[in-house]
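Residue numbers (the working numbering), protein chains in the order written: chain V, 60 to 456; chain S, 808 to 1108.
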Amino acid sequence: MSDNHDHPEHEQGHEHDHDASEPGAPAPVTAEDAGSQALSEALKSSFAIIKIVMVILVIVFLCSGIFTVSSQEVAVILRFGKPIGGGAGRLLRPGLHWSFPYPIDEIVKIPIGQIQTVTSTVGWYATLPELEAAQTEPDPGPSLNPASDGYTLTADGNIIHVRSTLQYRINDPFRYAFNFASGTNLNLFTGSSNLIQNALNNALFHTSAHYTVDKALGDRTGFKEKLLARVNQLIEEQGLGVAVETSNLDLIAPRQVKDKFKEVDAAQQDWSNARDTARGYANEIVNRAHGEASALVNAGETARNQLLQAVEAEARYLSDQLPYYNRDPKLYLQRLQIEAFQRLMTNAQVEKWFIPDRADGKSRELRLQLSREPQKPTVKEPEKTDATPMTRDVRRR
Amino acid sequence: MKQSTLSVLVGFLLVIIFGLLLFAYQVRQTEVAVVTTFGKPTNDRTAPGLYWKMPWPIQKVYKFDKRIQNFEEDKFEETFTSDKKNLLVRVYAGWRIIEPRIFLQRFANGSVQEAERTLEGLIRTEKNATVGKHPFSHFISPNENDVKLVEIEQEILKSVQERAKGNYGVEVTFLGIKKLGLPESITQKVFDRMKAERDRLVQEYKGQGESQSIIIRATADRERDGILAQGDADAMRIRGPGDAEAAKYYSVFEKAPELALYLLGLNALHEILKERSTLILDQRTPPFNLLTAKPEAPAKK
């Protein structure tokens, strides 16, 4: 069949070849015979070529089943539609592999090395990529249009804007590729990415519902953790076959009330400043009080020691002087008195007034004008009044 | 002959391939199939593999994707909670074909688009019914235990599942809220309320800041007074025994009380007159008495 097709130009010679073979081995030596013999030679060699070509074709056919799996992917062979192997064994690791050609086997490659990104589609106000890039925002209207503006509702019935981006990789390639679809084409792998996005959207609402607006704005880390917990729970429950690597979260108060939130922040700042100042004051005065108290205690101790020392010194002096005193008490005391008087009179600090008795022996009237000057330390009146009786006292003895 | 064996082999192979094309079909891992015989569904194929069939026009194979599909509601419509509050709820769901025979019969030629339209209606009905059974506080409430979003999702899912499976050959595997919102006019009211709330907070912080710092200062002042009083008391306690200790030296003074008092007096005088002071004396004060006294007086006794 195939030889006929392959050699249509030798149609003629073919007939002759058959003719030649029929008579058998003895070959008639004619010009025609010689020609047919040459022809059969040619045919034989073309058969050989055909065979070689066919062998090559078979090899090519078998080799066409060789394929590589790159380090970024795994592959699954579907034989008659059914995956070969079971469990982890059905995933072909990176390297060279062989399969029967289509339609017996079908190779499905799953890109597991890539980190994929998905961003939430609800929860953020309507904006344009250009505005976003310029870090500006469209003017906020008085209200939010549910069709275009996204937001979430907090536990206290307030509105916040949240947006989150997840980075994930496929950790169960088989589930990811074979259990989820967004189209009908087997080789177009959106896999479960739409569902991951919706899980994220869902988690935004669930998390917001458990946070008041102040708690959410004040504890973004906690919000993010809760958000991720919900996403992971959904991924687990729905068997999406992915693992979240990183995530980030934008969380803001609505632009319509942004200024009011700033005011509260400022007030809070003032409040904490005032509190810090008060605490600083408190620390300072308490510390100082501790210092003063220990100074008081020290002073008490010092006073005690001084008293003791003074009394001791006096006692020692007295017992030293006692023998001299006992010899003639009166003389001793007078000597002391005069000594003291001398010390007093030679003391430049003391102003002395001497008032002689009147000639008639009557007592003199003495008038003192005492003017107390509060600012400058001058003559100290109390001493003066004290001093005179004292000296008199001493004298009388 | 070599050539003829080869031709026979090749011919045989071609016949097999041709036969397979006519009599066999594959169901892939991701597919389910239903076979119709003269237009009547006869066989469900839910497991992947190679299957036999009679050639067209006797039998015909319909294949469907059995993977979970993502379904999202297009509209974000208002519904009413049981306490007649407006709420906008939009859900998404994952669904798949599990009974291809029912699916094929229910939807013309097994059209997935038509199935999704039907599913949308079904989900909307069940969603509105379920939301209508719950008060607003099950969606939004400051009390954490009141929020029943998970339960509401489960309720909608359950009722959708019940109706979808028998009627459409479809399994809804999960369902969740995708978007939750308030009517536009209400959002404005929410903003007004938020503003009022912020104003209140500002006032609160201001008041609190003042009162707290006053309290802190007052407490500190009291503490300081306490510490100082304690210090005073401690100092007194230290001095007390000092006085007692000093008393033991008094026995020495008792030996000559006159001398002791005299010395003490002199000491006191000395201390007193250390500073600037004025002293007024008369002539009887010794030794000035020497100035007026007759010199004979101090003769021998």
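Glycine included, C-beta positions come from ideal geometry on N, C-alpha and C.
> So which residues of chain V does S/K1002 contact, with C-beta pairs closer than 8 Å?
Replying inline: V316 and K319
> Short check: CB of S/L911 to CB of S/Y869, under 8 Å?
Replying inline: yes
> Going along the segment 843-858 of chain S in order, which residues come within less than 7 Å of chain V, judged by CB to CB distance?
Replying inline: P855, G856 and L857
>> Taking its Cβ as the centre, do 16 or more other Cβ atoms sit within 10 Å of S/W863, making it buried, or is it exposed?
In response: S/W863 comes out exposed.
> Rounded C-beta distance between S/F878 and S/Y899? I'm assuming under 8 Å.
Replying inline: 6 Å
>> Measuring straight from C-alpha to C-alpha, what distance separates V/I115 and V/A97?
In response: V/I115 and V/A97: Cα-Cα distance of roughly 27 Å.
> Going along the chain, which unbroken runs of the beta strand (DSSP E) with 3 or more residues stay wholly within the segment 849-909 of chain S?
Replying inline: 856-859, 866-872, 875-879, 884-887 and 893-904
> Hey, does V/W183 have any beta-carbon neighbour from chain S nearer than 8 Å?
Replying inline: With 8 Å as the cut-off, V/W183 does not count as an interface residue toward chain S.
> Does DSSP put S/R1046 in a helix, a strand or coil?
Replying inline: helix
>> In the DSSP output, which residue or residues are listed as bridge partners for V/G460?
In response: There is simply no residue 460 of chain V to check, as chain V begins at 60 and stops at 456 in what is shown.
>> Could you check whether the segment 227-235 of chain V touches the segment 169-178 of chain V, counting it as contact only if at least three pairs of C-beta atoms, one from each stretch, sit closer than 8 Å?
In response: yes
> Using a Cβ-Cβ distance under 8 Å, would V/I414 count as near chain S?
Replying inline: yes
> Where do the N-terminal and C-terminal ends of the alpha helix (DSSP H) with S/F1060 fall, by residue?
Replying inline: Y1057 to K1062
>> Buried or exposed for V/F43, going by 16 or more other Cβ atoms inside 10 Å?
In response: With chain V running from 60 to 456 in the structure shown, residue 43 of chain V is simply not present.
> Can you name the start and end residues of the alpha helix (DSSP H) that V/L25 belongs to?
Replying inline: It is not possible to answer for residue 25 of chain V, since the shown part of chain V is limited to 60 through 456.
>> Contact criterion: CB-CB distance below 8 Å. Does V/E460 meet it with respect to chain S?
In response: Residue 460 of chain V lies beyond the residue range present for chain V, which begins at 60 and ends at 456; the question has no answer from this structure.
> Shortest alpha-carbon distance to V/G350 belongs to which of S/V842, S/Y858, S/I1034 and S/T843?
Replying inline: S/I1034
>> On the criterion of 16 or more Cβ atoms from any shown chain inside 10 Å, does V/N342 qualify as buried, or is it exposed?
In response: So V/N342 counts as exposed.
> If you measure from the beta carbon of V/R338 to each beta carbon in chain S, is any gap under 8 Å?
Replying inline: Yes, because at least one Cβ of chain S sits closer than 8 Å to the Cβ of V/R338.
> Among V/N261, V/A101 and V/L276, which one has its Cα closest to the Cα of V/L287?
Replying inline: The residue with the shortest Cα to Cα distance from V/L287 is V/N261.
> Which term fits V/Q131, buried or exposed, when burial requires 16 or more other beta carbons within 10 angstroms of its beta carbon?
Replying inline: exposed
> Would a C-beta distance cut-off of 8 Å place V/D215 and S/P942 closer than the cut-off?
Replying inline: no
>> For a cutoff of 8 Å on Cβ pairs, would you count V/D33 as touching chain S?
In response: No information on residue 33 of chain V is available, as it lies outside the stretch 60 to 456 that chain V covers here.
> For S/S811, does the count of other Cβ atoms within 10 angstroms reach 16, so buried, or fall short, so exposed?
Replying inline: exposed
> Taking 8 Å as the CB-CB cut-off, is S/Y869 touching chain V?
Replying inline: no
>> For S/I984 and S/E960, which I take to be in contact (beta-carbon distance under 8 Å), what is that distance rounded to the nearest angstrom?
In response: 6 Å
> So, helix, strand or coil for V/F106, using DSSP?
Replying inline: helix
> Exposed or buried, V/A240, counting other C-beta atoms within 10 Å across all chains shown (16 or more means buried)?
Replying inline: buried
> With a cut-off of 8 Å, does the C-beta of S/Y1012 fall near any C-beta of chain V?
Replying inline: yes
> What are the start and end residues of each continuous beta strand (DSSP E) run of 3 or more residues lying completely inside the segment 167-219 of chain V, in chain order?
Replying inline: 175-178
> Is it a yes or a no for the segment 183-203 of chain V touching the segment 134-145 of chain V, going by three-plus beta-carbon pairs under 8 Å?
Replying inline: no
>> Using the three-state DSSP reduction, which class does V/T271 fall into: helix, strand or coil?
In response: DSSP, reduced to helix, strand and coil, places V/T271 outside both helices and strands of the structure shown, so it counts as coil.
> When the Cβ atoms of the segment 1067-1075 of chain S are set against those of the segment 368-383 of chain V, are three or more pairs found closer than 8 Å?
Replying inline: Using a C-beta cut-off of 8 Å, the segment 1067-1075 of chain S makes contact with the segment 368-383 of chain V, since at least three inter-stretch Cβ pairs fall below that distance.
>> Strictly under 8 Å for the Cβ-Cβ distance: is V/F159 near chain S by that measure?
In response: no
> Does the beta-carbon of S/G826 have 16 or more other beta-carbons within 10 angstroms, so that it is buried, or is it exposed?
Replying inline: S/G826 comes out exposed.
> Could you check where the alpha helix (DSSP H) with S/D953 kicks off and where it finishes?
Replying inline: That residue, S/D953, is in no alpha helix (DSSP H); it is neither H nor E in DSSP.
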